[in-house]
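What follows is a single structure, written as structure tokens, with notes after it.
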Amino acid sequence: MKLPPLNALRAFECAARTGSFSAAGAELGVSSAAVSMQVKNLEEWLGLKLFTRRANQVRLTDAGRDYYQKAAMSLAEIASFTEALTEGGTRRPLVISATPALAQLWLPERLKAFGEVRPDVPLRLRIEDDRIDLEAEGIDARLTYGGEHPEHRTQPLFTDRLVPVGMDPHMDIRTAPLVEVSWGETISSVQGWRQYFVQHAVERQDLAAAIIGQSVPSVVALVQAGLGIALLPEQVVGGEIRAGRLHRLDGPVLDMPRPYVLVTAHYKSRSRRLRTLAEVLGVR
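Residue numbers for the sequence shown follow my numbering, beginning at 9 and rising by one.
So, in structure tokens, the structure goes:
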């Protein structure tokens with residue numbers, strides 16, 4: 009059986025599907041030059057020109073278009089068969105890692121929706137702060153805030169904004185005790201009460217926090233206990249607000265500078281289980 013080099017075939021399929029070597033490199037976790045070299049190796053092996061190259065643009069030739077259709081179908085069939093073979097019999101759990109805020113406040117109802125669509129897939133949820141090594145820890149998907157993950161596929165979930173919340177809807181942001189979130193070094197770009205009052209020119213004498221919580225869930229608990237008001241991500245705590253366990257207070261908002269994201273290994277991201285998860289999570 010005469011088969012082309014599989015790495016070269018995979019690089020070609022990705023370049024043809026995405027329309028550029030740069031996009032293919034980003035998906036595969038390699039440089040655009042590496043993709044170009046793999047495609048060139050495949051062209052030499054086939055004795056056919058698969059792309060025309062002009063400046064920074066590439067376009068499939070007629071032969072390349074025909075070969076792509078067959079290659080894409082074959083690779084998809086191999087991926088589907090492999091997934092069925094490795095997952096169908098063992099019911100290997102889908103391992104999801106998430107920050108405390110997402111895992112405890114935003115994710116549960118979405119995991120319920122996933123379970124309704126894929127009841128055959130057992131789930132394992134890990135709650136942990138950054139930084140996480142997906143490969144070493146055997147994690148299929150990571151949900152976190154911002155962050156740079158050039159070696160993996162990163163898909164935005166949503167961009168949130170910080171809103172003032174309290175236990176009593178009539179609490180005044182100018183006088184109520186302040187509860188602050190300790191965001192940590194990895195997401196230090198998120199602003200707090202001091203920046204909030206300065207940016208929006210809200211007059212308040214005491215800007216010091218009465219109490220600081222280690223995470224968003226801990227701050228939610230402190231606010232619900234009546235210890236003060238907090239600036240919290242609106243979509244993340246949306247379930248608590250809708251249920252009446254927190255109240256959105258009158259006052260301006262702060263846009264969070266980066267989105268919450270879904271991070272997966274490139275080679276796993278096209279599996280049916282992770283595609284379904286991405287859809288349920290509302291990946292844009």
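We treat Cβ as the ideally placed atom computed from N, Cα and C, and that holds for glycine.
Exercise for the section: Pick out the complete alpha helix (DSSP H) segments inside the region 40-101, 4 residues or longer, and give them in chain order. Expected result: Runs of the alpha helix (DSSP H) inside the region 40-101: 40-54 and 70-96.
Exercise for the section: Please work out which residues of its chain come closer than 7 Å, Cβ to Cβ, to Ser44, disregarding the five sequence neighbours upstream and downstream, and give them in chain order. Expected result: Listed in chain order, the non-local C-beta contacts of Ser44 below 7 Å within the same chain comprise Phe29, local neighbours out to five positions each way being set aside.
Exercise for the section: Using DSSP bridges, identify the partner residues of Pro172. Expected result: Per DSSP, Leu239.
Handout entry: Exposure of His157, with buried meaning 16 or more beta-carbon neighbours within 10 Å
Key = It counts as buried.
Exercise for the section: Out of Ser279, Asp263, Gly247 and Arg253, point me to the one whose CA is closest to Ala111's CA. Expected result: Put simply, of Ser279, Asp263, Gly247 and Arg253 the residue whose alpha carbon is nearest the alpha carbon of Ala111 is Gly247.
Handout entry: Proximal residues to Ala184 (C-beta, below 8 Å), its chain only, five neighbours per side dropped
Key = Closer than 8 Å at Cβ, skipping near neighbours: Gly174, Gly236 and Ile237.
Practice task
Identify whether Val103 lies in helix, strand or coil by the three-state DSSP scheme.
Solution key: In the three-state scheme derived from DSSP, where H, G and I count as helix and E and B as strand, Val103 is classed as strand.
Practice task
Could you tell me if the beta carbon of Glu145 falls within a distance shorter than 7 Å of some heavy atom in the ligand SAM?
Solution key: The ligand SAM is absent from the structure shown, which contains no ligand whatsoever.
Handout entry: C-beta atoms of Arg281 and Leu102 nearer than 8 Å
Key = Closer than 8 Å, so yes.
Practice task
Tell me whether Leu151 sits in a helix, a strand or coil according to DSSP, three-state version.
Solution key: Leu151: strand per DSSP, three-state reduction.
Practice task
Let me know the secondary structure DSSP gives Val198 once reduced to three states.
Solution key: It is coil, neither helix nor strand.
Handout entry: Contained alpha helix (DSSP H) runs [length at least 4] in the region 204-287, N- to C-terminal order
Key = Within the region 204-287, the complete alpha helix (DSSP H) runs of at least 4 residues are 224-232 and 246-250.
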